[in-house]
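Trainee: Using numbering that gives the first Met the number 0, the first residue of the sequence shown is number 0, and each one after it goes up by one.
Where is the CB? At the ideal position from N, CA and C, for every residue including glycine.
All values reported here derive from a predicted model rather than from experimental measurement.
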Amino acid sequence: MSSMDYERGNQANGCLDRFFKLTKHGTSVKTEIFAGITMFIASVYILAVIPNLLSVSGMPHGSAVAAVILTTAFATMLIGFVANVPVIVAPGLGLSAFFSYTICGAMGLSWQTALGAVFISGTVFVILTVTKVLNKIVDGIPQVLKTSIGVGIGLFVAFIGFKNAHIIISDNATFVTLGNMKDPAVLLTLLGLFITSILLAKQVKGGLLIGMAFTTILAMVLGLTKVPISSSDIFNLVPPFPVDTFGQLDVMSAIGYGFFSIIFSITIVDMFDNIGTLIGVTRKANLVNEEGKFEGLNRALLCTSIGAAAGAVVGTSTVTSYIESAAAVADGGRTGLTAVVTGLLYLVSLFFAPLFLLVPVQATAPVLITIGVFMMSEVTHIDFTNFTEALPAFLTILLMPLTFSIAQGLSFGFISYTLIKLATGRHHEIHPIMYIMTVAFIIHFAI
């Protein structure tokens, strides 16, 4: 390397240092790059799982893959540049399931209408963040419901994993029953779940990705998925564009169908997903102030809400910040440069979009189930000895998978919380925000 090249390298590092405040946060360009690579490896499984979920709605699978990649890259780099945090932002698992199985499945709406709902929700999220009304809403919802939402979504996602793999199937007499345990596809899913669980128990980096890759290879051997026979089955010289989904959102139809419950559910779930992850990750990265608060929270939330609205235009479900960001923090990531590196790697993965189309449901189902396990762990923070909190928590958690709807679980949780607190003389524990939301949910059921 010549002295001129060396000097240019130092200048580049200096610019990055000043912009991302690397020295202030006790990190370096090299550390941030490696942390960004780690975050990519820890989260890249979503490029197989999320498009599989979205395709259930009727959305073209190939366009779904490209849309997820572009949205993830954009939103992750945006939060890196604007909020300077080492966080990945991508379409959420629970909300993708809600998108396909509730809005498009149970409600019978088109994926175009569902995208319209996502866009409206993202826009509402932007307004709430800019006006700081979001903070008041968050403060008004009791912790027990915040916790229950995450646990309920975990069960919902895991149930979808079991259903997609035919481990659980429908039954006229008992509603659901165990699937055919002699079916090679079912056995492969269970094996994939076992292998993935071992990797996670041993805390192997990229355990979800490795388990998914292993199961996919076995599926190819068993003839359950296509075997790549040419380079075009793995690699694209020209990166694909989501032509079938870009700009296809139908906002007007979204306003006409169950507007309140859909928009409210998407916004509330996205809100708590983001806040919970951002607070957890920034604390681990030591980015909080003396009061334990992350001063850039509003900027980060603004980025995720913009990402959600933009994602709807491209063709994906609502984006959220991922807890896999903690892997980058564990590797030393402390600034938005980590997120920018991860976003760039997602752009590179666009060339490998055909590869993710080869991943079968038997490989993605174990991921959904294990994610459910992670989300279920929060149930320990619920006080089940206090029945005025135990009942709303129970209804929220149980009714999400049983009704196949995040919105219905939220409805029963909010209504039951307010009513049981009032009936037992604990009205002082109810925030005014809860009265407004409870009345809105009751009106929704009434009409």
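With DSSP as the reference, please indicate the residues paired to residue 319 in a beta bridge.
Mentor: Residue mapping note: residue 319 aligns to position 320 of the sequence shown, counting from 1. Residue 319 pairs with 89.
Trainee: Give the straight-line distance between the Cα atoms of residue 240 and residue 314, rounded to the nearest whole angstrom.
Mentor: Your numbering for residue 240 matches position 241 in the sequence shown. Your numbering for residue 314 matches position 315 in the sequence shown. Using only the alpha carbons, I get a separation of about 11 Å.
Trainee: Quick one: give me the first and last residue of the alpha helix (DSSP H) that residue 372 is part of.
Mentor: For this step, residue 372 is matched to residue 373 along the sequence shown. Counting along the chain, the alpha helix (DSSP H) containing residue 372 begins and ends at 360 to 375.
Trainee: Please name the residue or residues paired with residue 175 in a DSSP beta bridge.
Mentor: Position 176 of the sequence shown, counted from the first residue, corresponds to residue 175. DSSP, once it has assigned bridges, lists 169 as partnering residue 175.
Trainee: Looking only at C-alpha atoms, which of 298, 18 and 52 sits nearest to residue 160?
Mentor: Against the sequence shown, residue 160 aligns to sequence position 161. Checked all of 298, 18 and 52; the closest Cα to residue 160 is 52.
Trainee: Beta carbon of residue 63, beta carbon of residue 299: below 8 Å?
Mentor: Along the sequence shown, read from residue 1 onward, the residue named residue 63 stands at position 64. Along the sequence shown, read from residue 1 onward, the residue named residue 299 stands at position 300. It is not a contact, given that the beta carbons lie outside the stated cut-off.
Trainee: Helix, strand or coil for residue 425, going by three-state DSSP, please let me know.
Mentor: Numbered from its first residue, the sequence shown carries residue 425 at position 426. Note: residue 425 maps to coil in three-state DSSP.
Trainee: Taking only three categories from DSSP, how would you classify residue 284?
Mentor: Indexing the sequence shown from 1 puts residue 284 at position 285. In this structure, residue 284 counts as coil in the three-state DSSP scheme.
Trainee: Give the single residue among 280, 304, 302 and 215 whose Cα lies nearest to the Cα of residue 293.
Mentor: By one-based count along the sequence shown, residue 293 stands at place 294. Among 280, 304, 302 and 215, the Cα nearest to that of residue 293 belongs to 280.
Trainee: Look up residue 229 in the DSSP assignment and say whether it is helix, strand or coil.
Mentor: As a working note, residue 229 is residue 230 in the sequence shown. DSSP places residue 229 in coil when its eight states are reduced to three.
Trainee: Select from 111, 416 and 74 the residue whose C-alpha is nearest the C-alpha of residue 301.
Mentor: Counting from 1 along the sequence shown, the entry for residue 301 is found at position 302. Nearest of 111, 416 and 74 to residue 301, Cα basis: 74.
Trainee: Assign residue 58 to one of two classes, buried (16 or more other C-beta atoms within 10 Å of its C-beta) or exposed (fewer than that).
Mentor: Position 59 of the sequence shown, counting from 1, holds the residue named residue 58. Its Cβ being crowded by 16 or more others within 10 Å, residue 58 is buried.
Trainee: Per DSSP, what kind of secondary structure is residue 44 in: helix, strand or coil?
Mentor: To locate residue 44, count along the sequence shown from 1; it is residue 45. DSSP places residue 44 in coil when its eight states are reduced to three.
Trainee: What number of angstroms, rounded off, separates the C-alpha of residue 103 from the C-alpha of residue 20?
Mentor: Working through the sequence shown from its first residue, we reach residue 103 at position 104. Working through the sequence shown from its first residue, we reach residue 20 at position 21. Computed Cα separation, rounded: 44 Å.
Trainee: In this structure, how does DSSP classify residue 295 when only helix, strand and coil are distinguished?
Mentor: As a working note, residue 295 is residue 296 in the sequence shown. In this structure, residue 295 counts as coil in the three-state DSSP scheme.
Trainee: May I ask you to verify whether the region 131 to 148 touches the region 342 to 359, counting CB pairs closer than 8 Å and requiring at least 3?
Mentor: The region 131 to 148, when compared against the region 342 to 359, does not touch it at the 8 Å Cβ threshold.
Trainee: Does DSSP classify residue 289 as helix, strand or coil?
Mentor: Numbered from 1 along the sequence shown, position 290 holds the residue referred to as residue 289. Coil at residue 289, not helix or strand.
Trainee: Residues in the same chain with beta-carbon distance under 8 Å from residue 41, minus the five sequence neighbours each way, listed in chain order, please.
Mentor: Within the sequence shown, numbered from 1, the residue matching residue 41 stands at position 42. Excluding sequence neighbours, residue 41 sits near 204, 205, 207, 208, 323, 326 and 327.
Trainee: For residue 48, I'd like the list of residues in its chain whose CB is within less than 6 Å of its CB, leaving aside the five on either flank, ordered along the chain.
Mentor: Within the sequence shown, the letter at position 49 stands for residue 48. Excluding positions up to five away in sequence, the list reads 363 and 366.
Trainee: Mind pulling the beta strand (DSSP E) runs of 3 or more residues that sit fully within the region 145 to 224?
Mentor: Those beta strand (DSSP E) runs which fall completely within the region 145 to 224 and span 3+ residues are 167 to 170 and 174 to 177.
Trainee: Beta carbon of residue 106: closer than 7 Å to some heavy atom of the ligand COA?
Mentor: The model on display carries no ligand, and the ligand COA is accordingly not part of it.
Trainee: Assuming residue 166 contacts residue 188 under a Cβ cut-off of 8 Å, what Cβ separation, rounded to an integer in Å, is found between them?
Mentor: By one-based count along the sequence shown, residue 166 stands at place 167. By one-based count along the sequence shown, residue 188 stands at place 189. Contact flag correct, Cβ pair sits at about 6 Å.
Trainee: Can you grab the Cα-Cα spacing for the pair residue 140 / residue 381, in whole Å?
Mentor: Numbered from 1 along the sequence shown, position 141 holds the residue referred to as residue 140. Numbered from 1 along the sequence shown, position 382 holds the residue referred to as residue 381. Roughly 14 Å separates the two Cα atoms.
Trainee: Measure the beta-carbon distance from residue 99 to residue 56 and round it to whole angstroms, keeping in mind my assumption that it falls under 8 Å.
Mentor: Indexing the sequence shown from 1 puts residue 99 at position 100. Indexing the sequence shown from 1 puts residue 56 at position 57. That belief holds up - the Cβ atoms of residue 99 and residue 56 are roughly 4 Å apart, short of 8 Å.
Trainee: Rounded to the nearest angstrom, what separates residue 36 and residue 339 at their Cα positions?
Mentor: Locating residue 36 in the sequence shown gives position 37, counting from the first residue. Locating residue 339 in the sequence shown gives position 340, counting from the first residue. Computed Cα separation, rounded: 10 Å.
Trainee: What's the gap between the Cα of residue 211 and the Cα of residue 429?
Mentor: Reading the sequence shown from its first residue, position 212 is the one you call residue 211. Reading the sequence shown from its first residue, position 430 is the one you call residue 429. Whole-angstrom Cα-Cα distance: 45 Å.
Trainee: To the nearest angstrom, report how far apart residue 185 and residue 179 are at their CA atoms.
Mentor: As a working note, residue 185 is residue 186 in the sequence shown. As a working note, residue 179 is residue 180 in the sequence shown. Taking the straight line from one Cα to the other gives about 7 Å.
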